[in-house]
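Heads up: the protein sequence lines correspond to chains W and G, in order. In my numbering, each residue's number is its place in the first sequence (first place is 1) plus 31. In my numbering, each residue's number is its place in the second sequence (first place is 1) plus 31. Cβ coordinates follow ideal geometry from the N, Cα and C atoms, glycine included. Since the structure comes first, as structure tokens, the remarks are kept for the end.
There are 2 protein chains.
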Amino acid sequence: MRIPLDRHSEIPLYEQVQDYLRTHIVAGQLAPETRLPATRKLAKELGVSRITIQNAYANLESEGLIANREGSGAYVLPPVQMQTAVTDSSSHQWPLWQQALSDTTAKQLTTSLPSHPDTISFTGVGDPRHFPLKDFQKSLNAVLKNEGSAVLEYGEMGAGYGPLRETVAHILASQGIQTYAQNVLITTGSQQALALICQVLLKPGDVVLVEKPTYNFALNLFRTLGLEIVGVPIDEDGLIVEQLEPLLQQHHPKLLYTIPNFQNPSGVCLAGARRRQLIALAERYNLPILEDDFVGDLRYNGRSQPAIKALDPMGQVIYVGTFSKMLMPGLRLGYVVADGPLFGRLVQLKQVTDLNSSPLIQHVVNDYISVGRYQSHLRRSIRRYRQRRDAMLDAIKQYLPPEVTVIPPQGGLFVWLRLPPLLSALALRPLAAQAGVAYAPGSWFFPEPEEGEPYVRLNFAVQTPDRIAEGIRRLGRVAEEAAVN
Amino acid sequence: MRIPLDRHSEIPLYEQVQDYLRTHIVAGQLAPETRLPATRKLAKELGVSRITIQNAYANLESEGLIANREGSGAYVLPPVQMQTAVTDSSSHQWPLWQQALSDTTAKQLTTSLPSHPDTISFTGVGDPRHFPLKDFQKSLNAVLKNEGSAVLEYGEMGAGYGPLRETVAHILASQGIQTYAQNVLITTGSQQALALICQVLLKPGDVVLVEKPTYNFALNLFRTLGLEIVGVPIDEDGLIVEQLEPLLQQHHPKLLYTIPNFQNPSGVCLAGARRRQLIALAERYNLPILEDDFVGDLRYNGRSQPAIKALDPMGQVIYVGTFSKMLMPGLRLGYVVADGPLFGRLVQLKQVTDLNSSPLIQHVVNDYISVGRYQSHLRRSIRRYRQRRDAMLDAIKQYLPPEVTVIPPQGGLFVWLRLPPLLSALALRPLAAQAGVAYAPGSWFFPEPEEGEPYVRLNFAVQTPDRIAEGIRRLGRVAEEAAVN
Chain W
32 MRIPLDRHSE IPLYEQVQDY LRTHIVAGQL APETRLPATR KLAKELGVSR
82 ITIQNAYANL ESEGLIANRE GSGAYVLPPV QMQTAVTDSS SHQWPLWQQA
132 LSDTTAKQLT TSLPSHPDTI SFTGVGDPRH FPLKDFQKSL NAVLKNEGSA
182 VLEYGEMGAG YGPLRETVAH ILASQGIQTY AQNVLITTGS QQALALICQV
232 LLKPGDVVLV EKPTYNFALN LFRTLGLEIV GVPIDEDGLI VEQLEPLLQQ
282 HHPKLLYTIP NFQNPSGVCL AGARRRQLIA LAERYNLPIL EDDFVGDLRY
332 NGRSQPAIKA LDPMGQVIYV GTFSKMLMPG LRLGYVVADG PLFGRLVQLK
382 QVTDLNSSPL IQHVVNDYIS VGRYQSHLRR SIRRYRQRRD AMLDAIKQYL
432 PPEVTVIPPQ GGLFVWLRLP PLLSALALRP LAAQAGVAYA PGSWFFPEPE
482 EGEPYVRLNF AVQTPDRIAE GIRRLGRVAE EAAVN
Chain G
32 MRIPLDRHSE IPLYEQVQDY LRTHIVAGQL APETRLPATR KLAKELGVSR
82 ITIQNAYANL ESEGLIANRE GSGAYVLPPV QMQTAVTDSS SHQWPLWQQA
132 LSDTTAKQLT TSLPSHPDTI SFTGVGDPRH FPLKDFQKSL NAVLKNEGSA
182 VLEYGEMGAG YGPLRETVAH ILASQGIQTY AQNVLITTGS QQALALICQV
232 LLKPGDVVLV EKPTYNFALN LFRTLGLEIV GVPIDEDGLI VEQLEPLLQQ
282 HHPKLLYTIP NFQNPSGVCL AGARRRQLIA LAERYNLPIL EDDFVGDLRY
332 NGRSQPAIKA LDPMGQVIYV GTFSKMLMPG LRLGYVVADG PLFGRLVQLK
382 QVTDLNSSPL IQHVVNDYIS VGRYQSHLRR SIRRYRQRRD AMLDAIKQYL
432 PPEVTVIPPQ GGLFVWLRLP PLLSALALRP LAAQAGVAYA PGSWFFPEPE
482 EGEPYVRLNF AVQTPDRIAE GIRRLGRVAE EAAVN
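Below is the structure:
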């Protein structure tokens, strides 16, 4: 126990020890039942006489803070009626360098909402009830049995566990995306992939182009890094590439961030012709494209388009994928596919950022997954989620006001709907929470939040069809009441 | 399968499909035994007629690349004598923005070494044979049983899993370091803690002060972030704080990075009086201190000193710890303790960097660990590692040339030794590898690598006493031979 002692102070050493322990016990930092060090040991550690420690302990015992138990040492007692620690930081005078930080803290987007005993939530990604938990646990125990403590050492640094990188390359190839293991970097979820790419390519003040709307945690990342965010509108064929060229000339962006398949939050797909136009523009304007393909394979109908990455032999496109949406978000595993000098830079930054992603989890996922297993998991998910999407579209038609508009998504996880005029999704949110239904309001997804006021993002993958119907019914009632008032 | 098709091309669609598949099979991206999509399904996906796909498959079959199996579809065949994919990137013309990246890629510090059938490695951290693997696996299965898929959802974002943050606060309190759970941020190893702190506080070109020598992955981080690194010399009482003030006046550093306990690599501890001087200077010069306490509790003898954090009521000190050294490095769990506005900024950056650290691992570690368990694990480690340190010091005396100097460390994991004049640890490394002994050369740990030439860092915790003796004997022979030549 490293108690700070001041040997030049007028306060006796035993009192310093005693004051220190008292403060920590009262503040709850030394929890009840914590055993204090033996007096001989603590005396030696602190370089004081044993009497000093014995005096301190005796006084604390008489104060009712600790108790000596025969033969087993001194223990902290539970609090009786003690004042709680003062942790109010507003009145505290922080160092100068800390004060400079305070005003730039971004405001929180989440607020506390009224609770309901039976909330139907249309947020989240996949349905946890269908996570392959049993098989995952089998893989876990197999890996620990076969590889033992090796998977709990630091493990392979650099780009990640080799066999897993091979597996990713094979899965992507089976989807028609050309990659090699040596161009695959394993990351802690796709969010880390986005962060690494931005940190290598961009500096504060640089312009990044995004679809508006776009993924809210990408927006948070760009804001936190001090980037200037310029939104490009979308229609039912995705990013309106025709509107891109003037923006490229005006803003000289350093990156375009796009989600071409079942876009988050809008659910639309980028049309094939636009993909080709986009590549041509990117080459002409020296623009790196960050392609976020978070659920590209979850297609329920319609025709698939090649990944933008597959159209680009020149290393213009950086492709990001994840195991969070198909498998389990808590794995925190994603990957980047990149070519050229960029790849080495990403590996280098990944290594100094956190050395590597958990070797245990990397080995387990590699044990669990194979091309065949991924494909059959995909087929099951498609069957299940298609039904739920249809249930949601039906319920919307049945329960929501006819002025609500929606583009039926051909895949993915989300329905994006526009409320009738004068209704605000953000304003409606507490009322919806009160009625037992939760959703993501549109303003989370726009560079200028107010543009998102009329929109609502609904995840249809997490709830069963009857819960979906009930949730949308509740939402309809809330919208109706709000329209009347 | 998202095959890029050009409908305006003169090449027939079936040939485009066939070319695409051939390329991927030959390059090994479509692995042998991969089942190709059914013709009907692929035709629908690509929006072409079924005949197109059937033609493509038939031609590939006649080329011996795929085979139709009765009733179960078309499969990729193993390669016979096919040319391998050309992946040489040197001749490739990368996009302009990529070319700008190439020259700034940092050179790799590691080189390949000759191998030996029985290498005794003095690198690493703790001894994997003593990882609490069985108990860890018990906790894993208990958490999966009791909490199910909940720990595989995204989980608590922000500062990390609440109960684990409480546990960290209690463990630290039992060491005499005052913290509250609300000031603890869980990170992916202490490396991520360092990266987050630097990214919040520093920008490229800023000066960071470090001990010289210091932790090599911290140096790599600072270099990758484009910081200017200024080294402060150490002696057997740690950082020579007396030499700090002129550097503060000259360089206006934005951060001091220090490892006050059993410093990596030197093994020395910062003396108590210097800790107080350091805090006083930091307050006077508005300097944040990053205290990296990676093995502060692994003390074998001598008197412990309070954490610098414990001497600072003003929020000047940022404290970083880890579960990697005491428990298992593969867990990838560390933490930051910080006060004031900085804490919120770190949480925010952590969230956009990777959303959160694996909730599964956080829950498992929290299930496994408690103050009592940590303390008893610590006691066992101290007993074991003290013996190994002594074995190493004895072996050094017995087998290394008498000109070798070493400050016997009072704790931690490393012995830091200085070779006789004219010997270079870096130059000796391949010879040592040939003789079957591995170590970390001193130049990895200095801002100016050449300053480290005469030094060697030896981990004494990983090997058993007799292996330590044998390894040092080999090292002695190598040093002797090198001195003769």
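Next item on the list: Name the two residues that bound the continuous alpha helix (DSSP H) containing Y399/W.
Entry: 390 to 399
Next item on the list: Given a cut-off of 8 Å, decide if L183/W and G361/G are closer than it, judged by their beta-carbon atoms.
Entry: For G361/G and L183/W, yes; Cβs fall inside 8 Å.
Item checked: Chain-ordered neighbours of F325/W on chain G, where CB pairs are closer than 7 Å -> By Cβ distance, chain G contributes nothing, its closest Cβ being about 13 Å from F325/W, past 7 Å.
Check: Taking all protein chains shown into account, do 16 or more other C-beta atoms lie within 10 angstroms of the C-beta of N397/G, making it buried, or fewer, making it exposed?
Finding: buried
Checklist line | Cβ-Cβ distance between R414/W and G207/G below 8 Å | finding: no
Next item on the list: Provide the residue span of the alpha helix (DSSP H) that contains Y350/G, from first to last.
Entry: Where Y350/G is concerned, there is no enclosing alpha helix (DSSP H), although the beta strand (DSSP E) it sits in stretches over 348 to 353.
Checklist line | Helix, strand or coil at L321/G [DSSP, three-state] | finding: strand
Notebook entry, point to check: Does the Cβ of V487/G have 16 or more other Cβ atoms within 10 Å, making it buried, or fewer, making it exposed?
Noted result: It is buried - the Cβ of V487/G has at least 16 other Cβ atoms within 10 Å.
Checklist line | Nearest candidate by alpha-carbon position, reference T245/G, set I56/G, E479/G, F491/G | finding: E479/G
Notebook entry, point to check: Per DSSP, what kind of secondary structure is Q47/W in: helix, strand or coil?
Noted result: helix
Item checked: Amino acids of chain G, ordered along the chain, whose beta-carbon sits closer than 7 Å to that of E511/W -> Ordered by position in chain G, no residue passes the 7 Å Cβ test against E511/W, which lies about 33 Å from the chain.
Item checked: For W475/G, three-class secondary structure by DSSP -> helix
Next item on the list: In the DSSP assignment, find the unbroken alpha helix (DSSP H) run with T70/W in it and report its ends.
Entry: 70 to 77
Notebook entry, point to check: Mind checking L140/G: buried by the 16 CB within 10 Å criterion, or exposed?
Noted result: In this predicted model, L140/G has a pLDDT of only 44, less than 50, meaning its place in the structure is not dependable; the value taken from the coordinates is given anyway. By the neighbour-count rule (16 or more Cβ atoms within 10 Å), L140/G is not buried but exposed.
Next item on the list: Name the one or two DSSP bridge partners that T218/G has.
Entry: G365/G
Check: Going along the chain, which residues of the stretch 176 to 187 of chain G sit with their C-beta nearer than 8 Å to a C-beta in chain W?
Finding: Considering only beta carbons, the part of the stretch 176 to 187 of chain G lying closer than 8 Å to chain W consists of G179, S180, A181, V182, L183, E184, Y185, G186, in chain order.
Checklist line | Within 8 Å, strictly: CB atoms of L301/G and Q274/G | finding: no
Note to self: I need the DSSP call for R66/W, collapsed to helix, strand or coil.
What the structure shows: strand
Checklist line | Nearest candidate by alpha-carbon position, reference N292/W, set A500/W, I503/W, L270/W, Q223/W | finding: L270/W
Next item on the list: Find the residues of chain W that neighbour G346/G, judging by a C-beta separation of less than 7 Å, and give them in chain order.
Entry: Under the 7 Å cutoff, chain W gives W125, P126, Q129.
Check: So which of L287/G, A463/G, Q494/G has the shortest CA-CA distance to L144/G?
Finding: The option with the nearest alpha carbon to L144/G is A463/G.
Note to self: Short of 8 Å in beta carbon distance, which residues of its chain neighbour F491/W, apart from the five on each side in sequence? Order them along the chain.
What the structure shows: Cβ within range, chain order: F153, Y416, R419, R420, A422, M423, L444, F445, V446, I499.
Margin query: Taking the straight line between their C-alpha atoms, what separation do you get for A456/W and G473/W?
Written below: If you take the alpha carbons of A456/W and G473/W, they lie about 7 Å apart.
Margin query: As a quick exercise: from E481/G, A458/G, G257/G, pick the residue whose alpha carbon is nearest that of V383/W.
Written below: G257/G
Check: With C-beta atoms as the reference, is A190/W less than 8 Å away from I217/W?
Finding: Going by C-beta atoms, A190/W is nearer than 8 Å to I217/W.
Next item on the list: Give a yes or no on whether 8 Å exceeds the smallest Cβ distance from S207/W to chain G.
Entry: As written in the sequence, residue 207/W is Gly, which differs from the Ser given in the question. Yes - at least one Cβ of chain G is within 8 Å of the one on G207/W.
Next item on the list: Note down, in chain order, all residues in the stretch 378 to 397 of chain G with a beta-carbon under 8 Å from any beta-carbon belonging to chain W.
Entry: Q379, L380, Q382, V383, T384, D385, L386, N387, S388, S389, P390, L391, I392
Check: For R334/W, which option in L127/W, D268/W, L203/W has the closest C-alpha, if you only look at C-alpha atoms?
Finding: D268/W
Item checked: Euclidean distance between Cα positions of Y430/G and Q465/G -> Each residue's Cα considered, the two are about 18 Å apart.
Margin query: Rounded to whole angstroms, what is the Cα-Cα separation between K356/W and G365/W?
Written below: 10 Å
Check: Are I56/G and T70/G close, meaning C-beta to C-beta below 8 Å?
Finding: No, Cβ-Cβ distance for I56/G and T70/G is not below 8 Å.
Notebook entry, point to check: Per DSSP, what kind of secondary structure is L256/W in: helix, strand or coil?
Noted result: coil
Margin query: Please tell me whether Y211/G and A224/G are closer than 8 Å, where the distance is taken between their beta carbons.
Written below: no
Margin query: According to DSSP, is S516/G part of a helix, a strand, or is it coil?
Written below: Before going further, note that residue 516/G is Asn rather than Ser in the sequence given. Note: N516/G maps to coil in three-state DSSP.
Notebook entry, point to check: Taking three-plus beta-carbon pairs below 8 Å as touching, is the stretch 314 to 326 of chain W in contact with the stretch 335 to 353 of chain W?
Noted result: yes
Next item on the list: Count the other CB atoms, across all protein chains shown, that sit within 10 Å of the CB of L389/W; report buried if there are 16 or more and exposed otherwise.
Entry: One detail in the question is off: residue 389/W reads as Ser in this sequence, not Leu. Counting the other CB atoms within 10 Å of its CB gives S389/W a total of 16 or more, which places it among the buried residues.
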